[in-house]
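In our numbering, the protein residues as written are 99 to 197. For each residue, glycine too, the CB sits at the ideal point set by N, CA and C.
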Amino acid sequence: PNQEFSFSCPNSRVSKKIHLIQVVQTARQLMDQNDTDNGYPSTFNQLSYDITGALWHHPLEGGLGGQDFVIFNTDNVIVGVATRNVFNDRVVFRSCQIT
Numbered sequence: 099p100n101q102e103f104s105f106s107c108p109n110s111r112v113s114k115k116i117h118l119i120q121v122v123q124t125a126r127q128l129m130d131q132n133d134t135d136n137g138y139p140s141t142f143n144q145l146s147y148d149i150t151g152a153l154w155h156h157p158l159e160g161g162l163g164g165q166d167f168v169i170f171n172t173d174n175v176i177v178g179v180a181t182r183n184v185f186n187d188r189v190v191f192r193s194c195q196i197t
């Protein structure tokens, strides 16, 4: 938990831990208020993560070449970042790599 990390996405965007934490905090505030921001945060089951419990995703602002999302669980643990793209009218998520 105290270790620094970042995620590098296929669209060349790099998201640092401090920014991801801020996005998760914003998402949790919306969830606690039973509010949403354009439908987010919302549940996430498009990619498989080795973690139990419900997963949620919330957009990171300014995604290039697609939309980037932080993926987190109900304990506010960041489990990943994913990029969303649309190919032939089909939404596809790709995992970003932890660095």
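Quick one: measure Cβ to Cβ for residue i and residue j, integer angstroms, because I've assumed they're closer than 8 Å.
{"i": "PHE103", "j": "CYS194", "result": "Their Cβ separation, rounded to whole angstroms, is 11 Å, which puts PHE103 and CYS194 out of contact at 8 Å."}
{"i": "ALA152", "j": "THR172", "result": "5 Å"}
Spell out the partners DSSP gives residue i in its beta bridges.
{"i": "ASP166", "result": "THR181"}
{"i": "ASN171", "result": "LEU153"}
Measure the Cβ-Cβ separation of residue i and residue j and say whether it is below 8 Å.
{"i": "VAL184", "j": "HIS156", "result": "no"}
{"i": "LEU128", "j": "VAL168", "result": "no"}
{"i": "ARG77", "j": "PRO108", "result": "This structure cannot settle anything about residue 77, because the visible part of the chain is limited to 99 through 197."}
For the alpha helix (DSSP H) holding residue i, just list the boundary residues, first then last.
{"i": "VAL122", "result": "115-130"}
For the beta strand (DSSP E) containing residue i, name the first residue and the last one.
{"i": "ARG188", "result": "188-193"}
{"i": "PRO157", "result": "153-157"}
{"i": "PHE105", "result": "104-106"}
Legend entry - Stretch-stretch touch, CB-based, cutoff 8 Å, three pairs: the segment 129-148 with the segment 161-181: yes
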